[in-house]
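What follows is a single structure, written as structure tokens, with notes after it.
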Amino acid sequence: MVAASLAQRAKGFPATPTNKAPDIEQVLVEVQAAIVPLWPLKDFVAVNPLGGMSDADLLQVHRTMRRQRDAELLMPGDYYLDSLARGSLADHDLEAALNECRVAHPEIYGVVSVSELATRLEQHSSGRTPQAEPGDWTFAAAIDRGAGTSWSASVVAEISKICAAHFDQTQATWPSPWKHLSFYAAWREMACRDRRIEKLGLADFRVFAAQLPASPREAIEALLRKLDVGPSQWQAFLLSQLWSINGWSAYVKYRVRTAAMAGVQDEDLLGLLAARLAYDAALAEAFAEHSAKESWLPRFTPSEEVAVGDEASARYFFQAASEVAFRRSICRELLDANVASGKRSARPEVQMVFCIDVRSEPIRRRLENAAKNLETFGYAGFFGVPMEYVPLGARQGPCQCPALISPSISIKEGLGGGHEPTEAAILSRRLSVRLSRKVWKAFQSSASSCFSFVEAVGLAYAGKLLAASVGWRSSNGDGRYDGVSDAHCQALGPVIDGMSAEESEKLVNFAAGMLGATGWTSDFAPLVVVCGHESDATNNLYKAALDCGACGGHSGEANARAAAAILNDARVRRSLAARGIEIPADSYVLAAVHNTTTDEIRWLDSDNVPATHAAALSALRHTATKAAREVQAERAQRFGIRGDARRRARDWSEVRPEWGLAGNAAFIIAPRSSTAEIDLKGRVFLHSYDHDQDAELRALESIMTGPMVVTNWINMQYYASTVDNRAFGSGNKTIHNAVGNIGVVAGNGGDLMTGLAWQSVHDGRRLQHEPLRLLVIVQAPRQALESVIAKHETLRALAGNQWITLLAWERGKFFRYVSAGQWQAYAP
Numbered sequence: 001m002v003a004a005s006l007a008q009r010a011k012g013f014p015a016t017p018t019n020k021a022p023d024i025e026q027v028l029v030e031v032q033a034a035i036v037p038l039w040p041l042k043d044f045v046a047v048n049p050l051g052g053m054s055d056a057d058l059l060q061v062h063r064t065m066r067r068q069r070d071a072e073l074l075m076p077g078d079y080y081l082d083s084l085a086r087g088s089l090a091d092h093d094l095e096a097a098l099n100e101c102r103v104a105h106p107e108i109y110g111v112v113s114v115s116e117l118a119t120r121l122e123q124h125s126s127g128r129t130p131q132a133e134p135g136d137w138t139f140a141a142a143i144d145r146g147a148g149t150s151w152s153a154s155v156v157a158e159i160s161k162i163c164a165a166h167f168d169q170t171q172a173t174w175p176s177p178w179k180h181l182s183f184y185a186a187w188r189e190m191a192c193r194d195r196r197i198e199k200l201g202l203a204d205f206r207v208f209a210a211q212l213p214a215s216p217r218e219a220i221e222a223l224l225r226k227l228d229v230g231p232s233q234w235q236a237f238l239l240s241q242l243w244s245i246n247g248w249s250a251y252v253k254y255r256v257r258t259a260a261m262a263g264v265q266d267e268d269l270l271g272l273l274a275a276r277l278a279y280d281a282a283l284a285e286a287f288a289e290h291s292a293k294e295s296w297l298p299r300f301t302p303s304e305e306v307a308v309g310d311e312a313s314a315r316y317f318f319q320a321a322s323e324v325a326f327r328r329s330i331c332r333e334l335l336d337a338n339v340a341s342g343k344r345s346a347r348p349e350v351q352m353v354f355c356i357d358v359r360s361e362p363i364r365r366r367l368e369n370a371a372k373n374l375e376t377f378g379y380a381g382f383f384g385v386p387m388e389y390v391p392l393g394a395r396q397g398p399c400q401c402p403a404l405i406s407p408s409i410s411i412k413e414g415l416g417g418g419h420e421p422t423e424a425a426i427l428s429r430r431l432s433v434r435l436s437r438k439v440w441k442a443f444q445s446s447a448s449s450c451f452s453f454v455e456a457v458g459l460a461y462a463g464k465l466l467a468a469s470v471g472w473r474s475s476n477g478d479g480r481y482d483g484v485s486d487a488h489c490q491a492l493g494p495v496i497d498g499m500s501a502e503e504s505e506k507l508v509n510f511a512a513g514m515l516g517a518t519g520w521t522s523d524f525a526p527l528v529v530v531c532g533h534e535s536d537a538t539n540n541l542y543k544a545a546l547d548c549g550a551c552g553g554h555s556g557e558a559n560a561r562a563a564a565a566i567l568n569d570a571r572v573r574r575s576l577a578a579r580g581i582e583i584p585a586d587s588y589v590l591a592a593v594h595n596t597t598t599d600e601i602r603w604l605d606s607d608n609v610p611a612t613h614a615a616a617l618s619a620l621r622h623t624a625t626k627a628a629r630e631v632q633a634e635r636a637q638r639f640g641i642r643g644d645a646r647r648r649a650r651d652w653s654e655v656r657p658e659w660g661l662a663g664n665a666a667f668i669i670a671p672r673s674s675t676a677e678i679d680l681k682g683r684v685f686l687h688s689y690d691h692d693q694d695a696e697l698r699a700l701e702s703i704m705t706g707p708m709v710v711t712n713w714i715n716m717q718y719y720a721s722t723v724d725n726r727a728f729g730s731g732n733k734t735i736h737n738a739v740g741n742i743g744v745v746a747g748n749g750g751d752l753m754t755g756l757a758w759q760s761v762h763d764g765r766r767l768q769h770e771p772l773r774l775l776v777i778v779q780a781p782r783q784a785l786e787s788v789i790a791k792h793e794t795l796r797a798l799a800g801n802q803w804i805t806l807l808a809w810e811r812g813k814f815f816r817y818v819s820a821g822q823w824q825a826y827a828p
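Residue numbers (the numbering used here): 1 to 828.
Put into structure tokens, the structure is as follows:
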């Protein structure tokens, strides 16, 4: 314990000098930019945890992560040795990978051979790959190492406690009295009063906190001077401070991002950084007599170079070889399929547009095989309608669009036919249900009843618990309409009547954008189905991660209904016809939802289908039922189980109701005819695209800057959660606890968890996700792709630094993007 009083030794904080370092503001901008946002549980969407570092390549970032976060970006050596032993990597895969590594890192791979890299891997592989000793990038970590203490964990617990109270979203019964203040101001108020950190041994920390400047920016500068951190080290040091509480840093970054999109400046991330620095500065001063600072400084500036003999270079090579092997298999299948590129000779009877999600690929394949007169398309699951969907009786609603964009229109839910008395009754019922739930929650969590709740009502839950355990729970979709009859649910939907001329024009643009991007501008079938998707799971804090990411982590039902209503609207069709997209009068658009847990399709508003289309819908229902059974059999084989998928969805104790997007590895942007005959095993995102109908490349640019970036986010979240679940995932799902309706912690405290649970990528025996960087194949000329990439720095970083492998599929041949203006012919 530190006995000396900080108050007795404190010299105060140096005044801000007149010759302030001119680049501190830029450093703070870059540090904040490197933090990736974490969406709250109700809107959870996949993000690339390394997205803020895409200006370097994976090997360089891996080096930084190992030194500054003690985190891994490559699998253990034994994983790659096992691939070699199983014959998964052919000799030509290894040679191809070495050639690519030599281009990217000639200083490492210029003279080394495959056999030398294999030997290096074997020499360093014994269980988990030995770590290079990490640098101490916080004083707390340095003191822990030198004095055998646990200050790092104590600081994280203290900050997490304050963050949970300040950012709580109605979970806490007693809210923080300082919620109206900025985070930094609220932290100072609490730090000046709370004695816990002092009882742990940091004497007079309350006095220390009270002496800090009132501005977080000024506090950061003062603390850097107090710690004597030089300007050349600011960026790495400050970033490591935020990484030490990465979960809360990521959530605060989400809040800052959301505020910025609304035109509001939010400095809470700087406030969090200032708070974290304060603990380090206090610890450094308290432990000055132990010379912790001197022992720490040499570890503060690790070499930026990757040593030629580093075992990480061998593991990176075999990671690249694994990706080359997968690329070879996909490209070989595409070439061997010899699918005709021409259009159908006859008008299809049914067309269905699905989300590009990898879980859509198996059901699309089975539907097409079962009905040769059925055609499918792939488009991001918000179907081009970036909206805020306002539920009946609410003033605002969720954002039903990808995280990259903001809603551009608000669409309200209403009751068809304008039955106001019935609508009022539904509203009254829903409000009463909300009120009863609120009262019940208060009873469960209040101080007066928390210990007596189980004793008082526990037996009443026994029957419900047993029913849920054996899969007897009834389901009503996503539960938004509790207490409302099925007939009323069918009538509830988006209302687009009565919109202004400006809003109506937006609807036309939405429709034209979706149809144009897919190349679906003619030959419409009599029955067209817009099929969103959702997941069905019980007792799952990360349920939003299984819903539609393109819909903001929500069910795709609202967007499917909105898109169908827009495409059926007579005014919209007239405007589309003026743009050269003519939807025949006999084409009717129906909305549906694909349940990715059971693979069943729920048909929405089917009572409104014209009698002339009833037979086609009946046949489609039969086909979809058969296809669902076949896909369920595929999934059961992957799970290694027998039984009903619906039971897994309804079992409150099931930790793996479905695999989500585990296994994702590629994104193909091409006409469906190019992939229709191939079993892609639910591993490939599929976006319909016809380059011949995109002369101005607007559709291609939209796809590459939107869905392609999002699929990279998804792919890298699964990748990182697999290679190092401790740093980038969320650990064991069975010990998760919700915090403030924001996120989860493991057990009873610590930092917020940021990624996927281990059960999302591993089945208990083996990995269900193979960590591979995303392969993107675009059926378009190199020149077209080059012109889009040249306009966007984000794309140049993703493709140029090999966060994705980009292939142009041109006239039956493949070309791999190397760097700006450089493409390499690729023959699988």
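Every residue gets a Cβ at the ideal spot worked out from N, C-alpha and C, and that includes glycine.
Note that the coordinates shown come from a computational prediction; the quantities given were computed from them, not determined experimentally.
>> Which same chain residues end up closer than 8 Å to residue 797 when comparing Cβ atoms and leaving out the 5 residues on each side of it in sequence?
In response: Correct list, in chain order: 54, 55, 803.
> Is the stretch 799 to 819 touching the stretch 89 to 98 in the sense that three or more CB pairs, one from each, lie closer than 8 Å?
Replying inline: Not touching, per the Cβ criterion.
> Pick from 620, 812, 164, 499: whose alpha carbon is nearest that of residue 569?
Replying inline: Minimum Cα distance to residue 569 is reached at 499.
> Nearest to residue 763 by CA position, among 660, 548, 334, is which residue?
Replying inline: Of all alpha-carbon atoms in 660, 548, 334, the one lying nearest the alpha-carbon of residue 763 is that of 660.
> At what residues does the alpha helix (DSSP H) containing residue 318 begin and finish?
Replying inline: First-last of the alpha helix (DSSP H) with residue 318: 311 to 337.
> Smallest Cα separation from residue 149: which of 201, 189, 265, 115?
Replying inline: Cα-wise, what sits closest to residue 149 is 201.
> So, is residue 253 buried or exposed, given that buried needs 16 or more other C-beta atoms within 10 angstroms?
Replying inline: By the 10 Å Cβ count, residue 253 comes out buried.
> Looking at the structure shown, is residue 246 part of a helix, part of a strand, or coil, going by DSSP?
Replying inline: DSSP places residue 246 in helix when its eight states are reduced to three.
> Would you report the Cα separation of residue 189 and residue 195, rounded to the nearest angstrom?
Replying inline: The C-alpha of residue 195 is placed about 12 Å away from the C-alpha of residue 189.
> At what residues does the beta strand (DSSP E) containing residue 592 begin and finish?
Replying inline: Membership of residue 592 in the beta strand (DSSP E) is indicated by the continuous run 588 to 595.
> CA-CA distance, residue 251 and residue 744?
Replying inline: Each residue's alpha carbon lies about 11 Å from the other.
>> Bridge partners for residue 806 per DSSP, in chain order?
In response: In DSSP, residue 806 forms a bridge with 776.
>> For the stretch 532 to 539 against the stretch 703 to 723, do three or more pairs of beta-carbon atoms, one drawn from each stretch, fall closer than 8 Å, so that the two count as touching?
In response: With a cut-off of 8 Å, the stretch 703 to 723 and the stretch 532 to 539 do not count as touching, because too few Cβ pairs lie within range.
> To which residues of the same chain is residue 386 closer than 6 Å at the C-beta, ignoring the five residues directly before and after it?
Replying inline: In its chain, beyond the 5 residues on either side, 401, 405, 407, 408 have a beta carbon closer than 6 Å to the beta carbon of residue 386.
>> Just verifying my parser: in three-state terms, what is the DSSP assignment at residue 516?
In response: Annotated three-state conformation of residue 516 is helix, per DSSP.
>> Could you compute how far the alpha carbon of residue 512 sits from the alpha carbon of residue 581?
In response: Approximately 8 Å between the Cα atoms of the pair.
> Just how far apart, CA to CA, sit residue 78 and residue 692?
Replying inline: About 47 Å.
> So, is residue 766 buried or exposed, given that buried needs 16 or more other C-beta atoms within 10 angstroms?
Replying inline: Under a 10 Å Cβ-count criterion, residue 766 is classified as exposed, with fewer than 16 other Cβ atoms of the shown protein chains found around its own Cβ.
> Three-state secondary structure (DSSP) at residue 506?
Replying inline: The answer is helix: DSSP assigns residue 506 an H, G or I state.
>> My assumption, with CB atoms under 8 Å, is that residue 829 sits in contact with residue 596. Please give the rounded CB distance.
In response: Past the edges of the chain, shown from 1 to 828, lies residue 829, and the structure says nothing about it.
> If we cut at 8 Å on Cβ distances, does residue 378 have a partner in chain D?
Replying inline: In the structure shown, chain D does not exist; there is a single protein chain.
>> If you follow the alpha helix (DSSP H) that residue 374 is in, where does it begin and where does it stop?
In response: Element bounds for residue 374: not the alpha helix (DSSP H) but the beta strand (DSSP E), 374 to 378.
> Between which two residues does the beta strand (DSSP E) containing residue 362 stretch?
Replying inline: Segment 360 to 370 is the alpha helix (DSSP H) holding residue 362; no beta strand (DSSP E) there.
> Exposed or buried, what is residue 474 when buried is set at 16 or more other beta-carbons lying within 10 Å of its beta-carbon?
Replying inline: Since pLDDT at residue 474 reaches only 45, below the 50 mark, its modelled position is unreliable, and no value is offered.
> Straight-line CA distance for residue 363 to residue 528?
Replying inline: Rounded to the nearest angstrom, the two C-alpha atoms are 16 Å apart.
>> If I measure Cβ to Cβ from residue 155 and keep anything under 6 Å in the same chain, skipping five residues before and after, which residues do I get?
In response: Only 140, 279 meet the Cβ criterion.
> Assuming residue 241 contacts residue 276 under a Cβ cut-off of 8 Å, what Cβ separation, rounded to an integer in Å, is found between them?
Replying inline: Right, their Cβ atoms sit about 5 Å apart.
> Skipping 5 residues on each side, what residues in its chain have a beta carbon closer than 6 Å to that of residue 737?
Replying inline: Counting only Cβ-Cβ distances below 6 Å, and skipping sequence neighbours, we find 745.
> For residue 791, does the count of other Cβ atoms within 10 angstroms reach 16, so buried, or fall short, so exposed?
Replying inline: Exposed: under 16 other Cβ atoms inside 10 Å.
>> With a threshold of 8 Å on Cβ separation, who are the neighbours of residue 706 within its own chain once the five nearest residues in sequence on each side are excluded?
In response: Taken in chain order, the residues that qualify are 380, 402, 404, 405.
>> Count Cβ pairs between the stretch 201 to 214 and the stretch 158 to 175 that sit closer than 8 Å; are there 3 or more?
In response: Because the criterion of three Cβ pairs below 8 Å is not met, the stretch 201 to 214 and the stretch 158 to 175 do not touch.
> residue 553: which of 398, 704, 598 sits nearest, CA to CA?
Replying inline: Out of 398, 704, 598, 398 has the C-alpha closest to the C-alpha of residue 553.
> So residue 589 packs on residue 567, CB below 8 Å; how close in whole Å?
Replying inline: Contact holds; Cβ gap of about 4 Å.
> Hey, residue 267 and residue 216: beta-carbon distance below 8 Å or not?
Replying inline: A contact, by the Cβ cut-off of 8 Å.
>> Taking the straight line between their C-alpha atoms, what separation do you get for residue 677 and residue 747?
In response: Each residue's Cα considered, the two are about 47 Å apart.
> When the Cα atoms are used, what is the spatial distance from residue 628 to residue 365?
Replying inline: Their Cα atoms are separated by approximately 11 Å.
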